[in-house]
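Quick notes on the structure that follows.
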Amino acid sequence: MPTQKYIRRSAATWEKHIDQYQQSGLSGAQFCRDQQLPYASFCKWRQRILEADDSQPTSAVSEPGFVELNTWPDAPDRPWRITLKLGNGVELLLSQP
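Taking this note's numbering, the leading residue of the sequence shown gets 245, the next gets one more, and so forth.
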């Protein structure tokens, strides 16, 4: 009977492993040896999870809403410029001439 060479782990499982690693104080290589995790996969998932955390907004709006962009109360005569960062390097720039 063949033995299973690879174990497929879910993203949630990798998130738990990354959290445990961050609290362990060990090097990534040592943590992987102790947990019997493939180091290359650990590095890939650690980078993926950290990048996802960086792209999350620091504060969330509880209710969706709209902002009137034709005038700002504190500077009605100045044009506006808004950049929306959509992730994966995609940005949407809105501006008033």
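Glycine included, every Cβ here is placed at the ideal spot set by N, Cα and C. Keep in mind that this is a model prediction, so the values were computed, not measured.
Please report the residue range of the alpha helix (DSSP H) in which residue i lies.
i, result
"K260", "255 to 268"
Locate the beta strand (DSSP E) running through residue i, then write down its first and last residues.
i, result
"R277", "Run containing R277: none in the beta strand (DSSP E); it sits in the alpha helix (DSSP H), 272 to 279."
"K249", "Per DSSP, K249 belongs to no beta strand (DSSP E) and is neither H nor E."
Would you call the CB atoms of residue i and residue j closer than 8 Å?
i, j, result
"L336", "L330", "yes"
"G269", "Y283", "no"
If you compare alpha carbons, which of the options is closest to residue i?
i, options, result
"W365", "T327, R292, Q340", "The first residue shown for the chain is 245 and the last is 341, placing residue 365 beyond what the model contains."
"N332", "S339, I326, W324, E295", "E295"
"Y265", "V334, W289, Q340", "W289"
"S285", "Q267, I262, L328", "I262"
Tell me the DSSP bridge mates of residue i?
i, result
"S339", "R325"
"G331", "V334"
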